[in-house]
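Colleague: Structure incoming, see below.
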Amino acid sequence: MDSLAEKIIHFLKKQILKILIDNLKRKFKGLIKTAILTIIGYTITVIGLIFICLGIVKYLSEAFHLPVWVSLSLSGVILLLIGSISLLIAYSKLKI
Numbered sequence: 000m001d002s003l004a005e006k007i008i009h010f011l012k013k014q015i016l017k018i019l020i021d022n023l024k025r026k027f028k029g030l031i032k033t034a035i036l037t038i039i040g041y042t043i044t045v046i047g048l049i050f051i052c053l054g055i056v057k058y059l060s061e062a063f064h065l066p067v068w069v070s071l072s073l074s075g076v077i078l079l080l081i082g083s084i085s086l087l088i089a090y091s092k093l094k095i
C-alpha cells in the first residue's frame with residue numbers, strides 16, 4: 000500500500016512540476032517578446048525624434064534665417080515638451 004501511495008505522490012509531483020515548467024516557459028517567451036518589441040519601439044521612436052529635430056533645425060535655419068544654435072535650442076525645447084507630455088501621460092496611466 001505504501002509503495003502505491005508513493006507512486007501516486009511521485010506521479011502527481013511530476014505532473015505538477017511539468018505544468019509549472021510549461022507555464023513558466025510560456026510566460027518567459029511572452030516576456031522576451033514584449034521586451035524585444037519594446038526595444039524596437041523605443042529605437043524607432045528615438046530615430047523618429049532625431050529626424051524631427053533635424054527637420055526643425057533645417058526649417059528654422061532656412062525659413063527664418065536663424066543661427067544653428069538658436070534652431071537647435073528651439074528644437075531641444077520642443078523635444079523636451081514632447082518628452083514631458085509623454086511622461087505625464089505614462090504617469091497618469093500607472094495604477095499605483
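Numbering (numbering that gives the first Met the number 0), first residue to last: 0 to 95. Even for Gly, the Cβ is constructed at its ideal location relative to N, Cα and C. None of these values were measured; they are calculated from a predicted model.
I need the straight-line Cα distance from Lys12 to Gly29, nearest angstrom please.
Modeller: One C-alpha to the other measures close to 26 Å.
Colleague: Give the secondary structure of His64 by DSSP, where H, G and I count as helix, E and B as strand, and everything else as coil.
Modeller: Note: His64 maps to coil in three-state DSSP.
Colleague: Ser74 and Cys52 - do their beta-carbons sit closer together than 8 Å?
Modeller: Contact: yes.
Colleague: If Val56 and Leu80 are in contact, beta carbons under 8 Å, what's the gap, nearest whole angstrom?
Modeller: About 16 Å; that fails the 8 Å criterion.
Colleague: DSSP state of Lys13, grouped into three classes?
Modeller: It is helical.
Colleague: Check this for me: beta carbons of Leu59 and Leu78, under 8 Å apart or not?
Modeller: Going by C-beta atoms, Leu59 is not nearer than 8 Å to Leu78.
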